[in-house]
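So the structure is just underneath, and the comments pick up after that.
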Amino acid sequence: MKVFIPLAAIFISCIVVGSCFLFRRATNSVQLGTTEKNGNLLSIWNYDGKIAYEDIINATEDFDLKYCIGTGGYGSVYRARLPNGKVVALKKLHRLEAEDPSFDKSFRNEVKHLTEIRHRSIIKLYGFCLHRRCMFLIYEYMENGSLFCALRDDIEAVELDWSKRVDLVRDMAHALSYMHHDCARPIVHRDISSNNILLNSKMQAFISDFGTARLLNHDSSSNFTTNIAGTYGYIAPELAYTLVSNEKCDIYSFGVVAMETMMGEHPEVIISTLLTSSREDIMLYKILDSRLPFPRENSVARSIVLIVSLALACLSANPKSRPTMKQVSKAFLARKSPLAKPFHEISLAQLQDNNRSWLEGGSTEASIGLSDE
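Numbering follows UniProt numbering, in which position 226 of the sequence shown is assigned residue number 226; successive positions increment by one, without gaps.
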């Protein structure tokens, strides 16, 4: 009997120790699973909308307005800090069609395609969530907001000096050229505006909101739309009567944003002049943002002439007369010769005239007034 008591004690001790070990292991497994789930949120969003939905609800307190950082034609944008500490931009879409099975499949296919886009000047689309209450897209977060707001803030506008503005327009051109010409399937943005050009901490530009109009169009194989996609003031004039949104519409919108970047304000008056038969000789230097000093560095002056010249070509009322984004992108890479005349003597009418020779087969340099003919 004395032998059995120690054996029983040992047996009970083993059970207790074993139970503690199994409990601790189970606890660790749960913690590990939670950590892995939170750590892989960005990768699993493409496959499990419910997980993303629960985390986003907590991060935004059920889409409380205090987290809203902007509102556009397709939805409202929220700033959300995830459980792993990462900050993302969340676009909650207005249209609620997630319950439509055909839309669900189309939406997922389009998002999968858009998440494969990789370009240094295009906002990363991490994934999406489809839920019976709402649907949203999850994007990379940009610290300095939109170009629209920066240009309308005197302090930020001055921080965006001529060199940064030239880089900004150039990066936009390269990104749009990539979307139109280098993706597996060409992507038409449909809503290029200064509100959709976002700035990071270094004031570098990134195109955002790409593909939203296409995502919300059931017939994504067609460019025809029953609604005019885009932002007032940036929409190509032909879209009002053709209802066909194509790359030429993006090119027009790019022209508006490029001019806005150089002028510091929306180029409404310039566009109105271009759409009339008026040949008023507007001098280039007079339309530039007066908050910045006169561009005296030759390389900067040449780049400004290039940008305004390209923008004027993109703003042509005739879509067929507009250059492609590949042509625009290549113009930034071409060798820049000295200006044919002093910067303060160059007019918009002269740049328009030179653009015609470029689009008819002339050299890039001749088109922007960089060399004598």
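Ideal placement from N, C-alpha and C gives every residue a C-beta, glycine not left out.
Chain-order list of residues whose beta-carbon lies under 6 Å from that of residue i (same chain, five-residue window excluded)
| i | result |
| --- | --- |
| Asp353 | none |
| residue 397 | Lying before the first or after the last residue shown, residue 397 is absent from the chain, which here runs from 1 to 373. |
| Glu140 | Ile123 and Lys124 |
| His344 | Tyr285 |
| Thr226 | Reliability fails at Thr226, whose pLDDT of 49 lies under 50, so the model's placement of it is uncertain and the value that follows must be treated cautiously. None. |
Close Cβ partners of residue i (< 8 Å) along its chain, the five nearest in sequence each way excluded
| i | result |
| --- | --- |
| Ser347 | Asp281, Ile282, Met283 and Leu284 |
| His181 | Thr324, Met325 and Lys326 |
Residue i, buried or exposed, once every other Cβ within 10 Å from all chains shown has been counted against 16
| i | result |
| --- | --- |
| Leu333 | exposed |
| His119 | buried |
| Pro267 | buried |
| Arg133 | exposed |
| residue 374 | No information on residue 374 is available, as it lies outside the stretch 1 to 373 that the chain covers here. |
| Ala193 | Before going further, note that residue 193 is Ser rather than Ala in the sequence given. Buried is the call here. |
| His174 | buried |
| Arg296 | exposed |
| Ala331 | buried |
| Glu116 | exposed |
| Gly71 | Position check: residue 71 holds Thr in this sequence, whereas Gly was assumed. Flag for Thr71 reads exposed. |
| Asp55 | buried |
Cβ distance (whole Å) where residue i is taken to contact residue j below 8 Å
| i | j | result |
| --- | --- | --- |
| Tyr74 | Leu90 | Not quite, the Cβ-Cβ distance comes to about 13 Å (not below 8 Å), so this is no contact. |
| Arg170 | Ile251 | The Cβ separation is near 15 Å, so there is no contact. |
| Met203 | Asn144 | 6 Å |
| Ile138 | Leu198 | About 15 Å; that fails the 8 Å criterion. |
| Ser177 | Val300 | Wrong, their Cβ atoms sit about 23 Å apart, outside the cutoff. |
| Val158 | Leu292 | 7 Å |
| Met179 | Phe210 | 7 Å |
| Pro319 | Ala240 | That belief does not hold up - the Cβ atoms of Pro319 and Ala240 are roughly 13 Å apart, past 8 Å. |
Nonlocal neighbours in the same chain, by C-beta distance under 7 Å from residue i, ignoring five residues either side
| i | result |
| --- | --- |
| Ser290 | none |
| Arg356 | none |
| Trp162 | Leu292, Pro295, Val300 and Ile304 |
Whether residue i touches residue j by CB criterion (7 Å)
| i | j | result |
| --- | --- | --- |
| Gly230 | Asp167 | no |
| Phe254 | Cys183 | no |
| Ala205 | Met172 | yes |
| Phe128 | Val111 | yes |
| Met263 | Val308 | no |
In chain order, what are the residue ranges of uninterrupted beta strand (DSSP E) at least 3 long that sit wholly in the stretch 245-301?
none
Which runs of the beta strand (DSSP E) spanning at least 3 residues fall entirely within the stretch 69-132, listed in chain order?
75-81, 87-93 and 125-130
Any chance you could list the beta strand (DSSP E) runs of at least 3 consecutive residues sitting entirely within the stretch 168-218, in chain order?
197-199 and 205-207
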